[in-house]
Structure formats: C-alpha cells, structure tokens
Amino acid sequence: LALCDPKRHKTVLPEECCLELTSSELALLTPGLGNIYETARYANQVIWLPPMNNSQGQQLRLLENAYPKVLHLDWHTFSGGKPLDYFRPQPYVMHQIATFLGNFIAEARLQKSFSTRLSELISKARSTNLLAHTAILNDFGSSGANQFANLIKERKELK
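Positions 116 to 274 (the working numbering) are the ones given, in order, by the sequence shown.
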C-alpha cells in the first residue's frame with residue numbers, strides 16, 4: 116500500500132516496543148491485550164488495525180463500547196460488509212476473518228478502501244489531541260490486563 120514507507124515504518128521485537136511507542140507519533144497495531152496495555156501506557160496516538168483472531172476482535176468490541184473515540188479499523192469498515200460477531204465460536208470467526216483477508220488480498224477495491232479509511236484516521240489522529248486509548252489505565256490501572264480479560268470471559272459466559 117502507498118502508506119507503507121520502509122524508511123519510516125517498521126516492525127519491532129516485543130522488547131523494543133515500549134521504547135518505540137514512546138518516541139512514535141502514531142502506532143498501528145492489532146488489538147491484542149498486550150498491545151492495548153502497552154499503548155495505553157506508552158503510545159502518543161494509536162490506530163487499531165483489523166483483528167486477526169477472535170480474541171482481538173472481542174477486545175476491540177470492548178474498547179469500542181467503553182471508549183467510543185478510540186480510532187480503529189475493522190474488516191467491515193472498509194469492505195462494506197456487516198460487522199463480525201467476534202463472540203461467536205472461534206472456528207466460525209476465524210473462517211470469517213480468513214474470508215475477509217482473502218478478499219482483501221485479491222481485490223484492489225478493498226485495498227484502496229482500506230488505504231482511504233486509514234488515511235482518514237491518520238489525519239484525525241494528527242489533528243486532535245485525542246488520547247482515548249489511555250483511558251483504560253484510569254479504569255483498570257496499569258496491571259489491569261487480568262480484569263480486562265475477565266470482562267471478555269464474562270461476556271462469553273453470557274452468550
């Protein structure tokens with residue numbers, strides 16, 4: 116995609132992540148639980164990429180519901196499909212994600228839509244001092260990963 120400049124964008128090892136987050140203007144990450152807490156504590160701005168598994172999707176939904184101003188992309192936001200229920204059984208969710216991903220790889224239209232939507236979110240991140248991703252620390256503290264994981268577990272048990 117045109118947004119990827121190897122001189123400015125990179126993947127880092129987990130042990131380098133905190134240092135990179137503190138010095139980065141903007142981080143693009145999947146919504147894994149570790150990423151959620153690391154960005155809340157260290158990142159200036161973050162945009163959540165589409166979930167790559169059911170638990171990331173569940174965490175994204177909880178973030179969306181609790182903190183509506185969190186900047187994120189989900190598969191349906193650029194594909195035109197309906198939102199995926201990440202709380203359904205794992206095999207179903209993983210099949211749906213694989214289908215979205217396969218379509219994304221194959222269709223230039225979806226890649227363009229993703230790029231356009233990501234550009235909009237980047238502009239929004241740069242034009243605001245919105246730090247919605249840090250609110251989780253106020254609610255759960257810096258060691259709240261277990262509490263957040265319990266929310267997901269409770270939600271699953273309600274279904």
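Every residue gets a Cβ at the ideal spot worked out from N, C-alpha and C, and that includes glycine.
Quiz prompt | Cβ-based burial, Glu140 [other Cβ within 10 Å; buried from 16] | solution = Stepping through the sequence shown from its first residue, residue 140 is reached at position 25. Classification of Glu140: exposed, given that the 10 Å Cβ count is below 16.
Quiz prompt | Whole alpha helix (DSSP H) elements within the segment 126-181, 4-residue minimum | solution = At a cut-off of 4 residues, the continuous stretches assigned as alpha helix (DSSP H) that sit fully inside the segment 126-181 are 129-138, 148-157, 169-181.
Quiz prompt | Inter-residue Cα distance where the pair is Ile67 and Leu216 | solution = What the structure shows of the chain is the stretch from 116 to 274, and residue 67 is not part of that stretch, so it cannot be assessed.
Practice problem: Determine the direct distance from the alpha carbon of Gly149 to that of Cys133, and round the result to whole angstroms. | Solution: If you number the sequence shown from 1, residue 133 lands on position 18. If you number the sequence shown from 1, residue 149 lands on position 34. Their Cα atoms are separated by approximately 11 angstroms.
Quiz item: According to DSSP, what are the bridge partners of His187?
Solution: Residue mapping note: residue 187 aligns to position 72 of the sequence shown, counting from 1. Trp163, per the DSSP bridge assignment.
Practice problem: Give the straight-line distance between the Cα atoms of Ser242 and Leu233, rounded to the nearest whole angstrom. | Solution: Here the question's residue 242 lines up with position 127 in the sequence shown. Here the question's residue 233 lines up with position 118 in the sequence shown. Spanning the two alpha carbons is a distance of roughly 14 angstroms.
Exercise. Please classify Gly217: does DSSP put it in a helix, a strand, or coil?
Key: Numbered from its first residue, the sequence shown carries residue 217 at position 102. Here Gly217 sits in helix by DSSP.
Quiz item: Among Ser194, Asn168, Glu179, His187, which residue has its Cα nearest to the Cα of Phe219?
Solution: Sequence index remark: in the sequence shown, residue 219 carries index 104 (1-based). The shortest Cα separation from Phe219 among Ser194, Asn168, Glu179, His187 belongs to Ser194.
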